[in-house]
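> First to last, the protein sequences are chains A and B. Each residue of the first sequence is one higher than the one before, starting from 1 at the first, in the UniProt record's numbering. Each residue of the second sequence is one higher than the one before, starting from 1 at the first, in the UniProt record's numbering.
2 protein chains.
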Amino acid sequence: MTLVLEEFLPYRFNRLAEALSRNASIAYKTEYGLTRPEWRAFALLGQKGTMTATEISYFSTMHKTKVSRAIFALEQKRWLVREVDENDRRLERISLTEQGKRAYESLVPKMQRVESELISSLGKENSEALFKGLTALEELYLDEKTASRSRKAD
Amino acid sequence: MTLVLEEFLPYRFNRLAEALSRNASIAYKTEYGLTRPEWRAFALLGQKGTMTATEISYFSTMHKTKVSRAIFALEQKRWLVREVDENDRRLERISLTEQGKRAYESLVPKMQRVESELISSLGKENSEALFKGLTALEELYLDEKTASRSRKAD
DNA sequence: TTGTAACGGTCTAATATGTAACTATCAAGG
DNA sequence: CCTTGATAGTTACATATTAGACCGTTACAA
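#1: Using 8 angstroms as the Cβ pair cut-off and three pairs as the minimum, do the segment 99-113 of chain A and the segment 104-120 of chain B touch?
#2: Which of helix, strand or coil does DSSP assign to Met62 of chain B?
#3: What span of residues does the alpha helix (DSSP H) with Glu115 of chain B cover, start to end?
#4: Check the Cβ-Cβ distances between Glu144 of chain B and every residue of chain A, and say whether any is below 8 angstroms.
#5: Below 8 angstroms between beta carbons: does that hold for Leu137 of chain B and Gly133 of chain A?
#6: Looking only at its chain, what residues have a beta carbon closer than 8 angstroms to the beta carbon of Lys101 of chain B, apart from the 5 residues adjacent to it on each side?
#7: With respect to the beta strand (DSSP E) encompassing Glu83 of chain B, which residues constitute its N-terminal and C-terminal limits?
#8: Can you tell me whether DSSP reads Arg69 of chain A as helix, strand or coil?
#9: Between A:Thr135, A:Phe8, A:Gly33, which has its C-alpha nearest Glu125 of chain B's C-alpha?
#10: Contact between the segment 31-39 of chain B and the segment 69-80 of chain A is defined here as three or more beta-carbon pairs at a separation below 8 angstroms; is this criterion met?
#11: Does the segment 4-22 of chain A come close enough to the segment 3-21 of chain B that 3 or more CB-CB pairs lie under 8 angstroms?
#12: Quick check on Met1 of chain B: buried or exposed, where buried means 16 or more other Cβ atoms within 10 Å of its Cβ?
#13: Tell me which residues of the segment 119-138 of chain B have at least one Cβ-Cβ distance to chain A shorter than 9 angstroms, keeping chain order.
#14: With C-beta atoms as the reference, is Ile94 of chain A less than 8 angstroms away from Arg113 of chain A?
#15: Cβ of Leu96 of chain A within 8 angstroms of Cβ of Leu122 of chain A?
#16: Express the C-alpha separation of Ile71 of chain B and Leu3 of chain B in angstroms, rounding to a whole number.
#17: Could you tell me which residues DSSP puts in a beta bridge with Ile94 of chain A?
#18: Mind checking the segment 26-56 of chain B against chain A and listing, in chain order, the residues whose C-beta falls within less than 8 angstroms of any C-beta there?
#19: In chain B, which residues lie less than 8 angstroms from Leu5 of chain A when you measure between Cβ atoms?
#20: Taking 8 angstroms as the CB-CB cut-off, is Arg102 of chain A touching chain B?
#21: Using beta carbons (cut-off 8 angstroms, strictly below), is Asn87 of chain B in contact with chain A?
#22: Would you mind reading off the limits of the alpha helix (DSSP H) that contains Glu6 of chain A?
#23: Roughly how many angstroms lie between the CA atoms of Asp85 of chain B and Thr54 of chain B, to the nearest whole one?
#24: Is it right to say Thr50 of chain A is buried, meaning 16 or more other beta carbons lie within 10 angstroms of its own, or is it exposed?
#25: Using three-state DSSP, classify Tyr32 of chain A as helix, strand or coil.
#26: Between the alpha carbons of Ser148 of chain A and Trp39 of chain B, how many angstroms are there, rounded?
#27: Just to confirm my understanding: we take Ala41 of chain A, look at its own chain, exclude 5 residues before and 5 after, and list those with CB closer than 7 angstroms. What are they?
#28: Once the 5 residues before and after Gln99 of chain A are set aside, which same chain residues still bring their CB inside 7 angstroms of it?
#29: Is it buried or exposed, Arg12 of chain B, if we count other Cβ atoms within 10 angstroms and call 16 or more buried?
#30: For a contact meaning CB atoms closer than 8 angstroms, what does Val108 of chain B contact in chain A?
Below, the structure is given as structure tokens:
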């Protein structure tokens with residue numbers, strides 16, 4: 001009995017995830033000096049506006065210490081600010097500065113270009129199949145219930 | 001202009017890769033005490049027979065130091081042995097011991113069961129779409145040329 | 001031969017990540 | 001009020017991972 005690693009789903013996903021991330025990271029890493037966790041937190045703040053660190057952790061599925069450090073780095077760059085919530089002083093409301101928003105507006109189109117180039121190279125039929133398969137898998141594995149339990153991954 | 005992280009391919013792949021790996025790892029981690037790099041090296045050796053460390057690194061797309069440590073751990077378990085190649089004494093020919101082969105024969109069916117349960121939960125249509133999409137992506141990103149250049153990932 | 005470049009593999013030092021402890025705050029009950 | 005237990009976030013320590021130096025080979029051209 002033999003298992004062919006190249007056909008094994010966890011292996012295929014890991015390899016592709018790594019390749020896609022590396023490919024996408026070129027833009028935010030070389031031009032903006034962001035790490036992957038920083039990019040994720042940044043993208044979420046640009047997408048959703050003001051958030052708490054816990055929310056960022058939830059939506060990015062990153063460990064809270066990773067988020068904490070990513071936020072610190074973005075704060076150093078003056079791309080975000082925090083304000084303590086007056087109603088609950090444990091919370092910090094985090095939002096992009098004007099400078100951060102400008103960076104977002106200039107970075108996001110580049111990221112989207114990478115993605116759309118990828119999709120057009122795949123072709124309509126393949127990319128539709130891919131989306132269908134991914135969505136089905138996500139429904140199976142990453143339901144709210146599951147997602148809220150396992151938030152430590154990168 | 002907004003980028004929706006939940007729809008961004010690198011993010012989706014990373015999350016799914018993590019979820020699939022975690023799910024698959026239960027079998028080899030709890031019952032056999034293997035780490036992920038160890039499992040990968042082990043699976044390759046079971047699949048392909050005798051290999052060198054560099055070959056394992058190539059096919060597993062793992063960094064060579066990771067492979068080195070994985071091999072060391074499997075050697076400690078007495079699941080593999082190395083012999084220096086007489087023709088080229090830089091090389092070590094690594095292969096599973098009888099004990100290693102027995103472990104392989106008992107572990108692999110469990111891993112395959114996990115995988116086939118996943119696929120049957122997805123249903124025929126979705127899993128076919130998934131495979132089609134994954135294969136297309138792999139051809140685009142992980143061709144020999146590409147794969148041989150970027151071998152550091154996990 | 002010998003010098004030089006390349007290779008297989010390991011070891012070391014720097015980075016990145018996760019675990020668990022800690023601070024500060026809040027909420028609810030006595 | 002005061003205690004107990006939970007939550008938000010940071011920090012310190014332990015672990016895991018990577019980059020790069022390193023050693024012993026080998027290949028091959030001069």
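Backbone N, C-alpha and C fix where the C-beta goes; we use that ideal spot for every residue, glycine too. Treat the numbers as computed from the prediction; the structure is a model and nothing was measured.
If we stick to the structure as given:
#1: no
#2: Along the second sequence, one-based indexing puts residue 62 of chain B at 62. The answer is coil: DSSP assigns Met62 of chain B none of H, G, I, E or B.
#3: Along the second sequence, one-based indexing puts residue 115 of chain B at 115. Counting along the chain, the alpha helix (DSSP H) containing Glu115 of chain B begins and ends at 98-122.
#4: Against the second sequence, residue 144 of chain B aligns to sequence position 144. Annotation note: pLDDT 47 at Glu144 of chain B (below 50); position unreliable, coordinate value reported separately. Judged by the 8 angstroms Cβ criterion, Glu144 of chain B is not in contact with chain A.
#5: Along the second sequence, one-based indexing puts residue 137 of chain B at 137. Along the first sequence, one-based indexing puts residue 133 of chain A at 133. Not closer than 8 angstroms, so no.
#6: By one-based count along the second sequence, residue 101 of chain B stands at place 101. Hits under 8 angstroms: Gly46.
#7: Against the second sequence, residue 83 of chain B aligns to sequence position 83. Residues 80-84.
#8: Locating residue 69 of chain A in the first sequence gives position 69, where the first residue counts as 1. Looking at Arg69 of chain A - three-state DSSP - the assignment turns out to be helix.
#9: By 1-based counting over the second sequence, the position of residue 125 of chain B is 125. Glu125 of chain B has its Cα closest to that of A:Thr135, out of A:Thr135, A:Phe8, A:Gly33.
#10: Not touching, per the Cβ criterion.
#11: yes
#12: If you number the second sequence from 1, residue 1 of chain B lands on position 1. It counts as exposed.
#13: Ile119, Ser121, Leu122, Gly123, Glu125, Asn126, Ser127, Glu128, Ala129, Leu130, Phe131, Lys132, Gly133, Leu134, Thr135, Ala136, Leu137, Glu138
#14: For the purposes of this step, residue 94 of chain A is taken as residue 94 along the first sequence, with counting starting at 1. For the purposes of this step, residue 113 of chain A is taken as residue 113 along the first sequence, with counting starting at 1. No, Cβ-Cβ distance for Ile94 of chain A and Arg113 of chain A is not below 8 angstroms.
#15: Indexing the first sequence from 1 puts residue 96 of chain A at position 96. Indexing the first sequence from 1 puts residue 122 of chain A at position 122. Result no, Cβ atoms of Leu96 of chain A and Leu122 of chain A do not sit closer than 8 angstroms.
#16: On the second sequence, position 3 is the one that residue 3 of chain B refers to. On the second sequence, position 71 is the one that residue 71 of chain B refers to. So the alpha carbons of these two residues sit roughly 42 angstroms apart.
#17: Counting from one through the first sequence, the residue named residue 94 of chain A turns up at place 94. Answer is A:Met51, A:Arg82.
#18: Arg40, Ala43, Leu44, Gly46, Gln47
#19: Locating residue 5 of chain A in the first sequence gives position 5, counting from the first residue. By Cβ distance, chain B contributes Arg40, Ala43, Leu44, Gln47, Phe59, Ser60.
#20: Position 102 of the first sequence holds residue 102 of chain A. No - not a single Cβ of chain B is within 8 angstroms of the one on Arg102 of chain A.
#21: Residue numbering aside, residue 87 of chain B sits at position 87 when the second sequence is read from its first letter. No, because no Cβ of chain A sits closer than 8 angstroms to the Cβ of Asn87 of chain B.
#22: The residue you call residue 6 of chain A lines up with position 6 of the first sequence. Looking at the DSSP string, Glu6 of chain A is not in any alpha helix (DSSP H), and its letter there is neither H nor E.
#23: Along the second sequence, read from residue 1 onward, the residue named residue 85 of chain B stands at position 85. Along the second sequence, read from residue 1 onward, the residue named residue 54 of chain B stands at position 54. The alpha-carbon atoms of Asp85 of chain B and Thr54 of chain B are separated by roughly 14 angstroms.
#24: Here residue 50 of chain A corresponds to residue number 50 of the first sequence, with the count starting at 1. So Thr50 of chain A counts as exposed.
#25: Locating residue 32 of chain A in the first sequence gives position 32, where the first residue counts as 1. Coil at Tyr32 of chain A, not helix or strand.
#26: Position 148 of the first sequence holds residue 148 of chain A. Position 39 of the second sequence holds residue 39 of chain B. Because Ser148 of chain A carries a pLDDT of 37, less than 50, the predicted location of this residue cannot be relied on, and no value is offered for it.
#27: Residue numbering aside, residue 41 of chain A sits at position 41 when the first sequence is read from its first letter. Hits under 7 angstroms: Ile56, Ser60, Val67, Ala70, Ile71, Leu74.
#28: Locating residue 99 of chain A in the first sequence gives position 99, counting from the first residue. For Gln99 of chain A, where only same-chain residues beyond five positions count, the Cβ hits under 7 angstroms are Arg78, Trp79.
#29: For this step, residue 12 of chain B is matched to residue 12 along the second sequence. Per the 10 Å Cβ criterion, buried.
#30: As a first step, residue 108 of chain B is located in the second sequence; it is residue number 108 there, counting from the start. Under the 8 angstroms cutoff, chain A gives Met1, Thr2, Leu3.
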